[in-house]
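K.L.:
Pasting a structure here, questions to come.
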Amino acid sequence: MHPAAEHSPLGKSSEYIATYTPSLLFPIPRAPKWAELGLTAATLPYQGVDLWNCFELSWLLPSGKPVVAIGEFAIPADSPNIIESKSFKLYLNSLNQTVFADVAELVAVLQADLSGAAGKPVGVRVRRLDEVAAEGVATLPGRCIDELDVSISNYAQPQPQLLRCEPGRIVEESLHSHLLKSNCPVTGQPDWGSVVVQYRGAALDPASLLAYLVSFRQHADFHEQCVERIYLDLLGLLEPERLTVYARYVRRGGLDINPYRSSAAIEPDNRRLVRQ
């Protein structure tokens, strides 16, 4: 478990505060997990973003009338800190009985508080329900590998040795699976997700990718680090010209977390999947 997470609100009984309290945000440094993967802030082999969507965002107008909306928060993948998810929820709930003159004032407060916790500027959008509804539900790109017939017996830790490729055959393709699952490193609660691998490089054996992804099933780590581990394992195997790995996780506590990691700049599609 990340040592800083022991002091976070995760797994503990918490009082729900309904008036603005930015001190509820609990940052967790990325550096220790980067070190586990042999990385530092200066040697990250990817760029990207963690997209958080909040479906329980509410505040008060000056008249006292409440508003509900959907919040979208973009935390840079190279920010010094992630924000612990329960503290994020508690912070957002602290806005419930707080008056803001307009959406612009709310966005400015969110940007200041979240950027301070993450250690880098965080993008914020507050969106109307009809705006998000009009986008519909997305489907993942490329081939779904979940129907492949594979035998799996190890679920405790990621097994990169399961991955196979054809070094002499270069392809460009997108593969995805809905069978990603890991566990919260603090509470042990399951984190369910769908993962996409897009690359140009040595042809990846899709059955080996599926077996590898399922090997995360009992692994304890945060969403962001799971995606980074997948990215690094594929980067080492495929030596690709281009590689993007992202996961769309099912929400918990009104929040979903969607980490994107790529060898090049990307514009993430943040439409919800059917499970989101």
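0 is the number of the first residue of the sequence shown in numbering that gives the first Met the number 0; add one for each residue after it. No residue lacks a Cβ here, since even glycine has one placed at the ideal position from N, Cα and C.
Mind reading off the beta-carbon distance from residue 147 to residue 193? Whole number of angstroms is fine, and I expect it under 8 Å.
P.N.:
For this step, residue 147 is matched to residue 148 along the sequence shown. For this step, residue 193 is matched to residue 194 along the sequence shown. The pair is not a contact, with the Cβ atoms about 16 Å apart (cut-off 8 Å).
K.L.:
Tell me which residue opens and which closes the beta strand (DSSP E) that residue 199 is part of.
P.N.:
Here residue 199 corresponds to residue number 200 of the sequence shown, with the count starting at 1. 189 to 203 is the extent of the beta strand (DSSP E) around residue 199.
K.L.:
Should the region 154 to 163 be regarded as contacting the region 207 to 226, the criterion being three or more beta carbon pairs within less than 8 Å?
P.N.:
yes
K.L.:
To the nearest angstrom, how far is the alpha carbon of residue 134 from that of residue 259?
P.N.:
Residue numbering aside, residue 134 sits at position 135 when the sequence shown is read from its first letter. Residue numbering aside, residue 259 sits at position 260 when the sequence shown is read from its first letter. Looking at the two C-alpha atoms, the distance is approximately 20 Å.
K.L.:
Roughly how many angstroms separate the alpha carbons of residue 97 and residue 108, rounded to a whole number?
P.N.:
Residue 97 sits at position 98 when you count from the first residue of the sequence shown. Residue 108 sits at position 109 when you count from the first residue of the sequence shown. Near 12 Å, if we compare the C-alpha coordinates of residue 108 and residue 97.
K.L.:
Applying the criterion that 16 or more other CB atoms from any shown protein chain within 10 Å of the CB defines a buried residue, is residue 61 buried or exposed?
P.N.:
Your numbering for residue 61 matches position 62 in the sequence shown. Residue 61 comes out exposed.
K.L.:
Give every residue of the same chain whose Cβ lies closer than 8 Å to the Cβ of residue 209, excluding the five residues on either side of it in the sequence, and list them in chain order.
P.N.:
Locating residue 209 in the sequence shown gives position 210, counting from the first residue. The residues are 144, 145, 147, 149, 176 and 178.
K.L.:
Are residue 330 and residue 74 touching if we call contact CB-CB under 8 Å?
P.N.:
The shown model of the chain, from 0 to 275, leaves out residue 330, and the question about it has no answer.
K.L.:
Hey, quick one: how far does the alpha helix (DSSP H) through residue 283 stretch, first residue to last?
P.N.:
Only positions 0 to 275 of the chain appear in this structure, which leaves residue 283 out of reach.
K.L.:
What's the call for residue 196, buried or exposed, on a 16-neighbour Cβ count within 10 Å?
P.N.:
Along the sequence shown, read from residue 1 onward, the residue named residue 196 stands at position 197. Classification of residue 196: buried, given that the 10 Å Cβ count is 16 or more.
K.L.:
Considering just the uninterrupted stretch of the beta strand (DSSP E) at residue 73, what are its terminal residues?
P.N.:
Within the sequence shown, residue 73 is the residue found at index 74, counting from 1. That run of the beta strand (DSSP E) goes 65 to 75.
K.L.:
At the level of alpha carbons, what is the spacing between residue 80 and residue 250?
P.N.:
Taking the sequence shown and counting its residues from 1, one reaches residue 80 at position 81. Taking the sequence shown and counting its residues from 1, one reaches residue 250 at position 251. Going by the C-alpha atoms only, they are around 21 Å apart.
K.L.:
Any heavy atom of the ligand FAD closer than 7 Å to the Cβ of residue 195?
P.N.:
Looking for the ligand FAD in the displayed structure turns up nothing, as the structure carries no ligands at all.
K.L.:
Mapping DSSP to helix, strand and coil, what is residue 104?
P.N.:
As a first step, residue 104 is located in the sequence shown; it is residue number 105 there, counting from the start. Here residue 104 sits in helix by DSSP.
K.L.:
Please state whether DSSP places residue 112 in a helix, a strand or coil.
P.N.:
Residue mapping note: residue 112 aligns to position 113 of the sequence shown, counting from 1. Of the three classes helix, strand and coil, the one that applies to residue 112 here is helix, per DSSP.
K.L.:
Check residue 246 in the structure and name its three-state DSSP category.
P.N.:
Numbered from 1 along the sequence shown, position 247 holds the residue referred to as residue 246. Reduced to three states, the DSSP call for residue 246 is strand.
K.L.:
Once the 5 residues before and after residue 128 are set aside, which same chain residues still bring their CB inside 8 Å of it?
P.N.:
Here residue 128 refers to the residue found at position 129 of the sequence shown. Cβ neighbours of residue 128 beyond the five flanking positions: 67, 68 and 69.
K.L.:
Determine whether the Cβ of residue 69 lies closer than 8 Å to any Cβ atom of chain C.
P.N.:
The displayed structure is made up of one protein chain only, and chain C is not part of it.
K.L.:
Three or more C-beta pairs under 8 Å: does that hold for the region 198 to 205 against the region 24 to 40?
P.N.:
no
K.L.:
Which of the three DSSP states is assigned to residue 273 in this structure?
P.N.:
Start at 1 with the first residue of the sequence shown, and residue 273 comes out as number 274. Coil, per DSSP.
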